[in-house]
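This report concerns only the one structure given below.
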Amino acid sequence: SNGEFVPSESTLYGILRTLEKYKLIRGEWMEVGGRTRKYYEITQTGKEVLKELREEIELMRELLENSF
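When we follow this note's numbering, the leftmost residue of the sequence shown carries the number 577, and every step to the right adds one.
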């Protein structure tokens, strides 16, 4: 996997269910090409949490850069 995180399908769907439970994403079933699939979109709450997490990661990155 070249150092990349490659989750299994069951792990991925577990993550999606958790994100949906906390209202960070919203899932909607749609029929496309004769197949029913669930599509997800990020909610406003999810966008706010994502923004906060990005800011925290940037702060950690800066702290690590300045530590060495």
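Just so you know, even glycine gets a beta-carbon here, dropped at the ideal spot from N, CA and C.
Candidates the options, of which the one nearest residue i by Cα
| i | options | result |
| --- | --- | --- |
| residue 597 | 641, 633, 616 and 580 | 616 |
| residue 602 | 613, 618, 609 and 641 | 618 |
For residue i, the first and last residue of its enclosing alpha helix (DSSP H)
| i | result |
| --- | --- |
| residue 623 | 620 to 643 |
| residue 579 | Unbroken run through residue 579: none, as it is neither H nor E. |
| residue 586 | 585 to 597 |
Supposed close pair residue i, residue j - CB separation, criterion 8 Å
| i | j | result |
| --- | --- | --- |
| residue 600 | residue 622 | 4 Å |
| residue 607 | residue 614 | With a Cβ gap of about 11 Å, residue 607 and residue 614 do not count as contacting. |
Enclosing beta strand (DSSP E) for residue i [first to last residue]
| i | result |
| --- | --- |
| residue 603 | 601 to 608 |
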